[in-house]
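Numbering (mature numbering (1 follows the signal peptide of the UniProt record, and there is no 0)), first residue to last: -26 to -1, 1 to 93.
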């Protein structure tokens, strides 16, 4: 791939910001200013730690992968399942004694890393 195509792809992905015509090298060496896009997004925002009394495990079948969370705590929590290469689940309330599950296709989403976070 040519350098021009690589730069064009980086600009399209928002990794590079094109200079205004005539801006020259001075603008290129200026420190980057924070933008609305550089603010922490919900995908990377910190979540409160999941208590140890919420047990998490996964089961892999031939076609799907299922993540489970069982609340053995005395209170309810709002949680969501975060898969590495698949869409996250919505935030759900898990009550004491309740087990929630999230199922994803192994074929469509081949990653198997699962986290459960509070939301």
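From the three backbone atoms N, C-alpha and C, an ideal C-beta is built for every residue, glycine too.
Report the CB separation of residue i from residue j in whole angstroms; it is logged as a contact under 8 angstroms.
i, j, result
"residue 37", "residue 80", "6 angstroms"
"residue 59", "residue 41", "The Cβ separation is near 13 angstroms, so there is no contact."
Start and end of the beta strand (DSSP E) containing residue i?
i, result
"residue 62", "That residue, residue 62, is in no beta strand (DSSP E); it is neither H nor E in DSSP."
"residue 53", "51 to 57"
"residue 92", "88 to 92"
For residue i, tell me which candidate among the options has the shortest Cα-Cα distance.
i, options, result
"residue 87", "70, 34, 23", "34"
"residue 50", "78, 27, 62", "27"
"residue 47", "56, 20, 67", "67"
"residue 64", "70, 72, 77", "77"
"residue 82", "23, 39, 73, 30", "39"
"residue 71", "22, 20, 45", "45"
Can you tell me which residues form a DSSP beta bridge with residue i?
i, result
"residue 83", "Answer by DSSP bridge pairing: none, since residue 83 is not bridged."
"residue 43", "30, 74"
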